[in-house]
Structures are given as structure tokens and as C-alpha cells.
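Here is the structure we will look at, set down as C-alpha cells.
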Amino acid sequence: MSIKKQLRQRWYNLSFRGKLTLLLVIGAVLPVIVATQGLVTVLQSELIQNLQNRLRIQSNILQGKLDHLRSNEEREAQNLASIVESQQWSLNRPEQVAVLRNLISNYIALNSKESFYIITNAQGESVAQYIQKVQEDFSTYPPLPGEDFKKTEFRSVSLPTGIKLGDISIVKDALLYQRRFSGVELFKSEWLKRLGLEQQAAIGVRTQPIQGLSQAQRPFPRGTYDIDDGKMGLVTLAVYPIRIQGKLEGTTIVGTVLNRNYELVDQLQQETKTGTSALSARDWRVSATTPAADGKTRAIGTRISREVAEKVLNDKQIFSGFVNVAGLTRFSLYKPLYDHQQTLEPNAVKPIGILSVGVSNAQVQTTLNTLRLAGWGIGVGIGILAGLAAIPIAQAVSNPLRRLTNYTQQVGKGDLTTKVELTEAQDEIAKLLASFYTMTKNLNSLIRQVQQSGVQITTSTTHIASSGKELEATLDQQIASTNQVAATAKKIADTSFQLVQTMEAVEQASQVTAAAAGTSQIDLMYMGNSISQLVTGTKIISTKLAMIGEEADNINSIIITITKVAAQTNLLSLNAAIEAEKAGEYGKGFAVVAREIRSLADQTAVATLDIENMVKQMQAAVSTGVTEMDKFTTQVEYYAADVKNISTKLETIIEQVQALSPQFQQVSVGMETQSDGAQQISEAIQQLTEVSEKTATSLESINAAIWQLNDAVVDLRQEISHFQVTDG
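Given below as C-alpha cells:
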């Protein structure tokens with residue numbers, strides 16, 4: 001048996017009290033579960049919102065620290081520029097530059113928190129400088145910060161002056177626009193190398209686990225963003241122009257390399273006591289309290305996931321949510337960082353880095369689990385209280401039903417003398433008890449009446465059965481008579497139907513004959529017309545042949561003329577030949593011509609004789625054709641007269657045949673009417689026979705039903721005898 005069937009059977013076997021208790025508990029607990037789940041969901045949403053607000057505050061604090069650092073650099077750059085401008089020192093005179101270097105040394109002795117202090121000439125070359133780098137082992141990744149805050153320690157970098165800085169974008173813009181600029185800038189490794197700070201910035205691209213991560217959780221492929229192969233520097237600096245007597249003499253530059261400089265992020269962690277933070281050059285972390293995948297070192301050198309970089313660097317938007325950070329899931333907030341170009345092109349500028357803060361997923365889940373436990377603890381407590389309250393309620397409801405069940409079992413055994421105990425309650429169960437009392441009372445009266453009516457029904461069924469037998473015999477005789485009449489009517493109907501078919505065939509034949517005769521009459525008419533046209537044509541041919549004979553006579557006269565011309569030509573050529581002989585040597589050419597003319601005249605004479613013979617033959621043939629055409633015309637005229645006589649006689653026959661068709665149609669209609677009447681009589685008798693047979697069958701069924709009723713009454717009396725009823 002399947003689990004579903006077992007559960008269904010257990011539910012069926014459970015008492016009403018158990019079912020009611022279970023339903024009450026479910027009815028109380030289910031809303032609690034829904035409400036608890038809703039409460040937990042709301043609390044989770046509020047927790048996430050609070051986390052976002054807290055991270056937003058922390059990001060603003062870190063942004064404020066960056067801005068404060070940049071403001072200090074602006075102030076110090078301005079102070080240095082003011083000192084140079086107040087002394088009216090020329091940055092091109094060596095003795096004054098030497099004094100300026102001593103001035104910077106004294107100034108740095110009082111305040112040396114930044115990575116470099118530089119004074120340049122108008123060409124962007126350093127004339128005085130103080131440079132220092134973080135004192136750290138650059139060959140390893142630093143450990144996570146401890147509980148105590150430590151300030152960044154530096155060691156100085158000794159370099160000769162004349163460092164070319166004019167190609168750095170912020171310095172170039174300060175010299176070009178002769179105004180101060182400050183910002184968070186990206187420094188190429190070659191610029192940092194000029195300052196001796198390339199080792200501090202060269203963190204490299206750190207390997208981070210991506211197994212099992214989606215494309216969105218992984219970083220972009222290397223090379224998507226230019227980080228100078230892990231050597232790019234993220235620098236905050238300020239550049240201030242130096243003007244002496246209105247002329248640009250140079251600049252003062254104060255800046256801090258943020259690579260491996262953890263003072264800002266460590267301060268934030270000490271102040272907030274929660275969460276982590278990081279600063280990134282594009283998608284590459286250069287300063288962080290965020291742990292790497294090993295859980296021991298800072299996550300510098302790691303890269304930000306694709307989904308974050310795409311939204312912050314490409315779309316210039318803030319991102320917050322659960323993300324993968326160096327192989328670990330954290331709830332983080334990311335903001336874009338901009339360089340000094342934001343003051344020049346605020347709409348077209350693109351982010352150069354990212355500021356991020358976050359908390360570990362374990363912290364978030366711990367808080368969420370605490371909320372869930374609290375919510376479900378309250379829900380379970382309410383469910384237990386609801387279960388304890390449901391038991392007495394179910395018992396109070398089920399007790400009257402249990403008494404009612406006992407009463408119905410007594411009635412089911414046939415004891416209608418059982419008395420129902422009514423109560424004064426007005427609820428549905430009390431009304432059900434009252435209705436049950438009324439039902440047993442009415443059932444008691446009904447069964448007593450059935451017992452009394454049983455004998456009367458038995459007597460009546462016996463009398464009805466006897467009458468039904470007599471009626472069944474009468475119907476059998478009636479069925480035999482109607483069957484004989486039906487057979488006779490069927491024969492009449494069949495004969496009428498055959499006559500109708502015969503008349504229809506005769507009518508169709510007469511119509512076909514009339515149509516054929518009509519067609520023949522038309523054909524004879526066409527034949528007469530054709531013969532008339534043939535007579536006309538033969539006459540025309542005879543006329544044409546006569547004309548051909550006349551033309552042949554004309555040809556004969558022409559041939560005679562041609563013959564005469566040929567004879568004369570022959571005679572002339574003979575005379576010409578004689579004269580040519582007389583001429584001797586001079587007449588030889590003329591003799592040849594005369595010979596050719598005589599030959600041509602002979603050929604013409606022969607041809608004219610042939611033509612004359614052909615013309616005579618043609619005249620004989622034409623004469624014979626004219627005679628034959630006259631005979632043919634006479635025969636055609638005779639045949640035309642015969643066709644006309646045949647057409648007249650055939651017209652008379654057609655009129656007589658067409659006169660027969662309506663008469664055949666009238667006879668056919670009469671036969672159809674007679675056939676329909678015979679068919680209707682046959683169908684009526686057949687229906688009468690069927691009705692009689694059905695009546696006989698019904699009588700048999702009625703007789704059987706009467707005996708069954710009698711048996712049922714006997715069985716009913718036996719069954720009713722089991723009931724115990726009260727008198728009157």
C-alpha cells in the first residue's frame with residue numbers, strides 16, 4: 001500500500017475529536033507559519049537595507065578620507081607655491097634653486113605624510129624634490145590588519161633633479177590651463193619609475209580561485225582594462241601653478257601613492273569596527289583590508305568580478321549586493337573613482353578606479369540565522385499554545401456528536417423506540433439532535449403504515465395480473481390479423497412501384513425520341529442549306545472554268561504572235577550572218593552574235609510549240625470540267641429537293657412524338673400517386689402491427705413487474721418486521 005493510501009486510511013480511521021483537534025491546530029499554526037515567514041522575510045529585507053545604508057555611510061567616510069587627503073595635498077602644494085612666489089625666486093637660477101631645495105627639506109621635516117613633494121619649472125622638469133616610498137617587503141603579500149592601528153612608515157628615495165613630469169596628464173593640464181588640479185590619478189609604471197616608486201606600485205596580478213563561478217562572478221579577461229600588467233599606480237595628488245610677476249614659472253606637486261599604502265582603509269576599519277574596504281585601479285585592488293582566499297593576507301593584486309566592473313566602470317553606477325571577492329562571498333558596495341578630468345569634462349569622463357566597502361557573508365548569514373531562530377521560536381510557541389487550546393475545544397464539540405452517534409447506531413439496528421435526549425442549546429449540534437428526534441418519530445409512523453399497506457398491495461397485484469393475461473390473449477389475435485393485411489398491402493405497394501418505374505422509363509424514352517427527332521430535323525435543315533450552297537458553288541466553278549477557256553484562247557493568239565516574232569528573228573540573224581561573212585575579218589564578232597540570236601530564236605519557237613500544246617490540253621480539260629460540273633449541279637439540285645421532302649415528313653413525326661410525352665407524364669404521375677397511397681397503407685398497417693407487438697410486450701413486462709412487486713411487498717414485510725415500533 002502506498003504512503004498516500006496509508007495516510008488517507010489513517011485519516012478515515014481517526015475519530016472526529018482527533019480530526020477536529022488536528023484541524024484546529026493546523027488552522028491556528030498555519031497562519032502563524034505564514035506570518036512568521038513574512039516577518040522573517042521583512043526582517044531580512046530590512047537587514048539588507050540596513051547593511052546597504054551602513055555600507056553607503058562607510059563608503060562616504062572612505063571617500064571623505066580620500067577627499068581630505070587630496071585637500072591636504074592641495075593645501076601643501078599651494079603653501080609651497082606661495083613660498084616660491086613670495087620670495088620671487090627664479091626656478092632657472094641654480095643658486096636660488098639650491099635655497100629652494102633646503103626650503104623643501106625644512107618643510108618636509110615638519111610634515112612628511114605624502115609620497116612626494118616636487119617643484120618643477122615651466123617645462124615640467126623637477127628642480128627640487130622630496131620622494132619617499134612605503135617601508136615594506138614588496139616581494140610578499142601583507143597580512144591582514146591587527147587590532148592596533150599602525151601609521152604608514154616611509155623611507156626616502158634619493159634621485160637627481162631634472163625628472164621629466166610634463167607628460168603626466170594632470171601636470172600637462174596644469175601647465176596648459178595655468179590652474180590648479182587635484183584628483184585620484186592613474187600613473188603608468190614608467191612615470192613611477194622616474195620617481196623611484198615603481199616597486200611599491202608593482203603588486204602584480206594575483207591568482208584567485210574561479211572554479212565553479214559563473215561568468216558574471218569571474219573577473220574580465222586580462223587586458224580588458226589597462227592596469228599596466230599589474231604595475232599601474234593609483235595616486236592622489238595636487239598640482240599648483242607658480243606665477244611670478246604674472247608669468248608661469250613652474251608647478252608644485254604633492255601626491256601619495258596608494259599602492260600598498262593601507263593607512264586610509266585601516267583607519268576606516270578601526271573607526272567602524274566592522275567590515276572591510278579596498279581601493280582599486282580600474283578593476284585591480286591596490287590597497288585593501290579585504291581578506292584574500294587564503295584568509296590571512298590582504299587581497300591586493302586581485303581583480304573585481306565582471307558584474308561589478310561592468311556596472312561601475314562601464315555604466316558609471318554604484319553597485320551593491322552579494323558578490324564574489326577574491327574567491328569569497330561578501331555583501332559589498334562599490335563606487336566609481338574619477339581623476340581630474342571630471343572638472344574638465346564632467347559628462348564624458350570615465351571612472352579610473354573603484355572604492356569598495358563590504359562585510360563577509362558569514363556575518364550576514366549569522367545575523368539572518370539569529371532573526372530566523374527568533375521568528376520561528378515565537379511561531380513554535382504560538383503553535384504549542386494553539387494545540388493546548390484546541391484539545392478542550394475539540395472535546396466540547398465532539399461529546400454531543402458522540403451521543404448522537406450512539407443513538408444512530410441503535411436506530412440502525414431497528415430499534416425505533418430509542419429516546420433522544422434534547423438539550424436547551426441552540427447551536428448546530430442541538431438542532432441536529434432535534435432533527436434526529438423528529439426523523440425517528442416520522443420513521444416510526446411510516447414503517448407502521450407500510451406494514452398495514454403490504455397486505456392491500458398483495459391483493460391488488462393478484463387481480464391486475466389476472467386481467468393482464470386476458471388482454472395479452474386478445475392482442476395476440478389482433479397481431480395475427482394485422483400481419484395478414486400488412487402482407488397484402490405490401491404486395492399492392494410493390495406492384496404499384498414497378499408500374500411507376502415502367503412509366504418513368506417509357507416517359508424518358510419518349511423524351512429521348514422527341515429530342516433525337518428534333519436534332520434530326522435541325523440536321524436536315526443544315527443539310528438543305530449545305531446542298532443549296534453546293535449548287536451555288538458548282539455554278540460559280542462552271543463560270544470560272546468558262547473564263548479560263550476564254551483566257552486560254554487569248555494565250556493562243558499571243559503564242560502565234562511570239563512564233564511569228566521568232567521566225568522574223570531567225571531570218572534577221574541569217575541575214576546578219578551573211579553580211580558578217582562579207583565583212584571578212586571585221587565581221588567575225590558580229591557573226592558570233594548573229595549565231596547566238598538564231599539559236600535563241602530556235603529555242604523560242606520550240607518553247608512556243610510546247611506552250612501551245614499545253615494550252616490546248618488545258619482547254620480540253622476545262623471543257624470537260626464544265627460539262628461534268630453541269631451534270632453535278634443537276635444531281636445536287638435533285639438531292640436538295642429530296643432532303644426538303646424528308647424534312648417536311650420528319651417534322652410531322654416529331655410533332656406526334658412530342659404530343660405523346662405529356663400523356664405519358666400524366667399516366668406516370670397517376671401511377672406515382674397510387675404507389676404512394678399503397679405505400680402509406682402498408683406503412684400504417686406495419687405501424688399498427690408494431691404498436692400491437694409493443695403493447696403485447698408491455699403487457700408481459702407489466703405482468704412481470706406485478707409479480708416482482710408482489711415479491712417486493714413480501715420482502716418488504718419481512719424486512720419491516722425487524723423494526724420495533726411504538727403503538728399509535
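Take 1 as the starting number for the sequence shown in UniProt numbering and just add one per residue. In this text, a Cβ means the ideal position worked out from N, Cα and C, and glycines have one as well. As the structure is a prediction and not an experimental result, all values here were calculated from the model.
So the alpha helix (DSSP H) Gln129 belongs to, where does it begin and stop?
-> From DSSP, Gln129 is part of no alpha helix (DSSP H) but of the beta strand (DSSP E) over 126-134.
Can you have a look at Asp610 and say buried or exposed, based on whether 16 or more other CB atoms are within 10 angstroms of its CB?
-> exposed
How many whole angstroms separate the CB atoms of Arg285 and Ile300, which I take to be in contact at a CB cut-off of 8 angstroms?
-> 5 angstroms
Specify the secondary structure class of residue 729 as computed by DSSP and reduced to three states.
-> No answer is possible for residue 729: the residues shown for the chain start at 1 and end at 728.
Decide if Ser305 is buried, meaning its Cβ has at least 16 other Cβ atoms within 10 Å, or exposed.
-> buried
So, do the region 313-323 and the region 146-158 have three or more beta carbon pairs nearer to each other than 8 angstroms?
-> no
Could you check the C-alpha separation between Ala77 and Ser332 for me, to the nearest Å?
-> 35 angstroms
Assign Thr634 to one of two classes, buried (16 or more other C-beta atoms within 10 Å of its C-beta) or exposed (fewer than that).
-> exposed
Along the alpha helix (DSSP H) that carries Ser169, what are the first and last residues, could you check?
-> 169-177
Which partner residues of Leu385 appear in the DSSP bridge assignment?
-> In the DSSP output, where bridge partners are listed per residue, Leu385 has none listed.
Assign Ile352 to buried or exposed, taking buried as 16 or more other Cβ atoms, counted over all protein chains shown, within 10 Å of its Cβ.
-> buried
Continuous beta strand (DSSP E) assignments of at least 3 residues falling wholly in the region 187-271 = 233-244, 247-257
In the DSSP assignment, find the beta strand (DSSP E) that holds Arg285 and state where it starts and stops.
-> 284-288
Ala281 lies in the alpha helix (DSSP H); which residues open and close that run?
-> Element bounds for Ala281: not the alpha helix (DSSP H) but the beta strand (DSSP E), 276-281.
Which stretch, first to last residue, makes up the beta strand (DSSP E) that contains residue 812?
-> Here the chain has residues from 1 to 728 only, and residue 812 is not among them.
Minimum C-alpha distance to Val257 - residue among Gly250, Lys193, Gln208 | Lys193
Quick one: residues in its chain with C-beta nearer than 7 angstroms to the C-beta of Thr569, no 5 flanking neighbours on either side, listed in chain order?
-> Ile597, Ala601
Rounded to the nearest angstrom, how far is the Cβ of Ser356 from that of Tyr334, given a contact under 8 angstroms?
-> 5 angstroms
Test: Val669 CB closer than 8 angstroms to a CB of chain D = The structure shown contains no chain D, having only a single protein chain.
Return helix, strand or coil for Thr438, following the three-state DSSP convention.
-> helix
What is the DSSP secondary structure of Phe138, counted as helix, strand or coil?
-> coil
Given Glu125, which residues of its chain have a CB within under 6 angstroms of its CB, disregarding the five upstream and five downstream residues?
-> Gly162, Lys164
Three or more C-beta pairs closer than 8 angstroms, one from the region 285-295 and one from the region 253-268: is that the case here?
-> yes
Bounding residues of the beta strand (DSSP E) (the contiguous stretch that carries Arg303) | Run containing Arg303: none; DSSP gives neither H nor E here.
With a threshold of 16 other CB atoms inside 10 Å of the CB of Leu7, please say whether the residue is buried or exposed.
-> exposed
Euclidean distance between Cα positions of Asn72 and Arg54 = 27 angstroms
On the three-state DSSP scale, how would you describe Thr297?
-> strand
Closest by CA to Val349, which one among Leu313, Ala362, Leu328?
-> Leu313
Gly255 and Ser115 look like a contact to me (Cβ under 8 angstroms); what is the Cβ gap, rounded to whole Å?
-> 6 angstroms
From Thr297 to Tyr141, what does the alpha carbon distance come to, in whole angstroms?
-> 6 angstroms
For the beta strand (DSSP E) that contains Thr152, what are its first and last residues?
-> Per DSSP, Thr152 belongs to no beta strand (DSSP E) and is neither H nor E.
Assuming Leu103 and Ile83 form a contact by the criterion Cβ under 8 angstroms, report the distance between their Cβ atoms to the nearest whole angstrom.
-> 6 angstroms
Kindly identify the DSSP beta-bridge partner or partners of Glu345.
-> Glu345 is not bridged to any residue.
Same chain, Cβ closer than 6 angstroms to Pro336, five either side skipped, listed in chain order = Val312, Lys316, Pro351
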